[in-house]
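Notes for the one structure printed next.
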Amino acid sequence: MHIHTKLHRHDARRRGSGMIEMIIAVTLFSIVILSAMEMVQSGSRFSRTTLATTAIEDLSQAMLYRFERELADATAEETASAVLAVGITSTEDDELELDSTLGFPPFGSLVIDPGGAAQERIDYADLDPDQIRLTGLTRGVQCTQPAAHAAQTTDVYWSGYAQVIDDQNSPAPGDRVSQEEGIDTFFRGDGVGFSYR
């Protein structure tokens with residue numbers, strides 16, 4: 635009986651330590667499983683972010699290629715000029731209707747009848763969606779006076795463009811000089827270059 639009691643106590647101790655070992659093992663196993671699940675979720679988030687970044691880079695690259703093709707196929711509008719479609723008096727300041735606004739920016743400054751007796755500079759604030767009317771006018775800017783201008787006979791230029799003049803040998807004093815390919819070129823206007831649209 636004495637031996638049996640010793641064995642019984644020894645079994646009880648072994649059972650108790652086995653239970654503790656089991657709890658520790660289950661806890662460690664749970665920690666390992668939860669860590670693995672978190673790593674998988676983190677990897678999944680990283681993969682989605684990487685794929686989204688790659689997709690955005692692809693879209694950006696495609697957009698740049700489209701811009702490149704569009705600019706490569708662009709042609710210069712030799713003069714950003716038009717003709718008045720409807721004549722105006724010296725007091726009208728609502729809108730200016732042209733035969734075309736091709737080459738004109740959405741806002742800017744115009745020169746009407748350049749070099750003529752009725753030369754006038756007009757600032758405009760907006761290009762109408764129909765693309766023949768300029769609105770938000772400020773007449774007689776840059777030391778010019780508002781004047782009446784007839785329809786179909788008055789030239790209108792975007793002032794940012796430089797119009798090369800015909801008389802390259804003895805130009806008028808108000809004309810400007812630009813270097814093009816090492817040669818002096820006389821022009822009338824405020825800028826040099828082409829207007830793209």
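Each residue of the sequence shown is one higher than the one before, starting from 635 at the first, in this note's numbering.
Ideal Cβ positions, reconstructed from N, Cα and C, are used throughout, including at glycine.
Everything numeric in this text was worked out from a predicted model, so none of it was measured.
{"query": "Measure the alpha-carbon distance for Leu693 versus Glu704 and round it to whole angstroms.", "result": "16 Å"}
{"query": "What is the DSSP secondary structure of Ala759, counted as helix, strand or coil?", "result": "coil"}
{"query": "If you count every other CB in all the chains shown that lies within 10 Å of the CB of Ser793, and 16 or more means buried, which is it?", "result": "buried"}
{"query": "Answer yes or no: do Asp760 and Pro740 have a C-beta to C-beta separation smaller than 8 Å?", "result": "yes"}
{"query": "I need the straight-line Cα distance from Leu730 to Leu718, nearest angstrom please.", "result": "8 Å"}
{"query": "Nearest-angstrom Cα distance between Gly827 and Arg755?", "result": "Confidence at Gly827 is low in this model, with a pLDDT of 45, below 50, so its placement is unreliable and no value can be given for it."}
{"query": "In this structure, what does DSSP give as the bridge partners for Ser676?", "result": "Ser676 is not bridged to any residue."}
{"query": "Helix, strand or coil, according to DSSP, for Gly652 in the structure here?", "result": "helix"}
{"query": "Please report the straight-line C-alpha distance between Leu668 and Thr684, rounded to a whole angstrom.", "result": "24 Å"}
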